[in-house]
Every structure is written in structure tokens, then in C-alpha cells.
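> Numbering (this note's numbering), first residue to last: 87 to 352.
If you scroll down you'll find the structure; I have some questions about it.
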Ligand SMILES: [Zn+2]
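Put into C-alpha cells, the structure is as follows:
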């Protein structure tokens with residue numbers, strides 16, 4: 087089966103991970119911009135990170151035969167300093183023009199604060215003006231449902247944005263239904279033990295169907311597993327789901343969504 091990892095933070099991963107992914111049949115990795123594990127202090131730090139995402143990491147991925155795409159934004163975790171956020175928003179359009187960039191992401195909320203919402207709104211405006219696709223990060227644990235609704239409301243205020251070109255990631259049992267009802271795509275990000283495990287993700291597919299849904303490992307600098315979508319596929323087969331459904335969730339759907347960007351080719 088052909089494989090794609092539609093949400094992973096390769097800058098935090100070792101070359102062993104690239105090798106393991108290549109061996110498992112992965113052809114493409116897609117890397118949204120995110121928090122580095124520490125707050126960057128200047129827009130220069132962000133420019134260096136965006137350079138890494140658009141130049142250095144694609145070159146590293148290519149060594150292992152993987153195509154690398156990315157999304158650019160300022161992460162909600164770093165949105166509290168509004169002056170810095172404004173500086174960073176000034177440099178983002180230049181990077182959105184680069185060849186491996188699919189859109190604005192992963193934007194969203196972390197603690198659902200006023201400043202996070204202000205910076206989210208600036209990103210949505212930018213995406214609306216430029217006709218960019220959007221990848222959304224939703225808060226974890228107790229903030230998730232409220233934050234997901236706030237984000238969807240903010241996007242729905244922009245009538246020019248096609249919800250079929252927006253994916254709401256880190257979705258869980260209590261948010262998937264409303265995300266689908268509003269016409270957005272659903273991302274299920276898998277974690278080894280915390281948050282959404284492969285087994286829970288398969289439960290969600292069984293409850294809500296596979297339409298407009300992808301799974302990703304979202305592997306980063308924390309406990310995570312870049313091959314976790316393989317585990318989810320095996321869990322689907324173990325429960326008796328057909329191979330075609332596995333392929334739909336793990337390959338067809340992400341490729342269909344991402345192919346809405348003219349830059350995305352597999
Ligand atoms: Zn992420």
C-alpha cells in the first residue's frame with residue numbers, strides 16, 4: 087500500500103525515523119509549522135525555522151526518497167506576544183510563496199485566550215485574501231471542544247473560505263460530528279498512549295464513517311510514533327474492515343484533500 091504521513095514534525099525526528107518510514111512504504115511527509123518546544127524570541131528565529139521547513143528539511147527527506155511538503159504559520163502557543171506576532175505575520179507571505187508550501191497551518195488555539203484568537207483571526211484573513219488552504223490545530227483535553235467551536239466560528243465568519251479546503255486536526259469523539267456537519271475535513275492525530283490512540287481513531291471511523299477524514303501520527307519532540315498510522319491500519323484490518331477502507335483513510339483521503347493545492351503532486 088502507498089503511504090503518506092499528512093501531519094508530522096520531521097525537524098524533531100532522527101534520520102532513523104526517515105529510514106523506518108521509507109522502509110514502511112511512505113512516499114510523502116507533510117509538516118505543518120508548530121511550536122519548537124521553546125518560545126522563539128524574534129521574527130528572525132521564525133524566518134530561520136521557515137527556511138528549515140522549505141529548504142533544509144525537503145533536502146533531508148529527499149535522501150530517503152520522501153517528498154516533503156509544509157504549511158507555514160505562527161503557532162498559537164507563541165501568539166501571546168502580539169508585537170512579535172505582527173512582525174512574524176509580515177514575513178509569512180514570502181514563505182507561503184515557496185514551492186513546497188501547501189497553505190496556512192497549523193493555526194488555531196491552545197488555551198483559547200484573547201490574544202490567541204486575535205492572531206488566529208489574522209491568519210484566517212491572510213488565508214482568505216490569498217485563497218490559501220488551512221490546517222487547524224485544536225486545543226487538547228478540557229479546552230478542546232470549546233476551542234474547536236471558537237475556531238470553526240472564526241473561519242465561518244469568512245464566507246470566501248471554502249470549508250472543503252480546511253482540515254480541523256486533533257479531532258476527537260466529542261468534536262468530529264460538528265466538524266463534519268459544518269463541512270470541514272477531519273484530522274485524527276494518533277498518539278501512542280495519550281490523547282487519541284490508534285484504537286480510539288478506529289472507533290471514531292466506525293461511529294462517524296471515513297468521509298473527509300485522515301489519520302496522522304503528528305509525531306514531534308514528545309512521545310510519539312511516526313509509524314502510528316500503520317498501527318491504525320492494522321487495527322482496522324484486525325477488526326475486519328476491508329483493505330479498501332484502510333487505503334481510503336490512510337492514502338486516498340489525504341491525497342484528495344492535499345491535491346486541492348496545485349503544488350501537491352504524488
Ligand atoms: Zn502538529
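In this text, a Cβ means the ideal position worked out from N, Cα and C, and glycines have one as well.
Computed from a predicted structure; not experimentally measured.
1) Please state the DSSP three-state secondary structure of residue 117.
2) Can you list the alpha helix (DSSP H) stretches of 4 or more residues lying completely in the region 116-179, in chain order?
3) Please classify residue 273: does DSSP put it in a helix, a strand, or coil?
4) Using 6 Å as the cut-off, classify the Cβ of residue 117 as near or not near the heavy atoms of ligand 3, replying yes or no.
5) Is it right to say residue 144 is buried, meaning 16 or more other beta carbons lie within 10 angstroms of its own, or is it exposed?
6) Starting from the C-beta of residue 269, find all residues in its chain whose C-beta is less than 6 Å away, skip the five residues before and the five after it, and write them out in chain order.
7) Return the chain-ordered list of same chain residues with a C-beta closer than 8 Å to the C-beta of residue 176, the five sequence neighbours on each side being excluded.
8) Here's a check: name, in chain order, each residue in its chain whose Cβ is nearer than 8 Å to the Cβ of residue 263, leaving out the five neighbours to either side.
9) Spell out the partners DSSP gives residue 300 in its beta bridges.
10) Exposed or buried, which one is residue 115 when buried takes at least 16 other CB atoms within 10 Å?
11) For a quick check, are the C-beta atoms of residue 300 and residue 273 less than 7 Å apart?
12) For residue 223, report the span of its beta strand (DSSP E) as first-last.
13) Residue 345: beta carbon under 6 Å from a heavy atom of ligand 1?
14) What would DSSP say about residue 319, mapped onto helix, strand or coil?
15) Contact check, residue 216 vs residue 182 under 8 Å by CB: the rounded distance?
16) Using 8 Å as the cut-off, can you tell me whether the region 191-205 makes contact with the region 308-322, which would need three or more C-beta pairs spanning the two stretches below that distance?
17) On the DSSP bridge assignment, give the partners of residue 89 in chain order.
18) Mind pulling the alpha helix (DSSP H) runs of 4 or more residues that sit fully within the region 206-256?
In short, the structure shows the following:
1) Here residue 117 sits in strand by DSSP.
2) Secondary structure in the region 116-179: the alpha helix (DSSP H) runs of 4 residues or longer, each lying completely within the stretch, are 129-137 and 143-149 in chain order.
3) The three-state secondary structure of residue 273, taken from DSSP, is strand.
4) This structure does not include ligand 3; its bound ligands are ligand 1.
5) Buried, by the Cβ-count rule.
6) Around residue 269: 249.
7) Excluding the 5 residues flanking it on each side, residue 176 has same chain C-beta neighbours closer than 8 Å at 129, in chain order.
8) Excluding residues within five positions, the ones whose Cβ falls inside 8 Å are 294.
9) DSSP lists 273 as the beta-bridge partner residues of residue 300.
10) Result: buried.
11) Against a cut-off of 7 Å, the Cβ pair of residue 273 and residue 300 comes out as a contact.
12) Annotation for residue 223: the continuous beta strand (DSSP E) segment containing it runs 219-223.
13) Incorrect: residue 345 has no Cβ contact closer than 6 Å to ligand 1.
14) Helix at residue 319.
15) Under the criterion of beta carbons closer than 8 Å, residue 216 and residue 182 qualify as touching, at roughly 7 Å.
16) As far as the Cβ criterion goes, the region 191-205 does not touch the region 308-322, which means the pair count is below three.
17) DSSP lists 112 as partners of residue 89.
18) Qualifying alpha helix (DSSP H) stretches, in chain order: 230-242.
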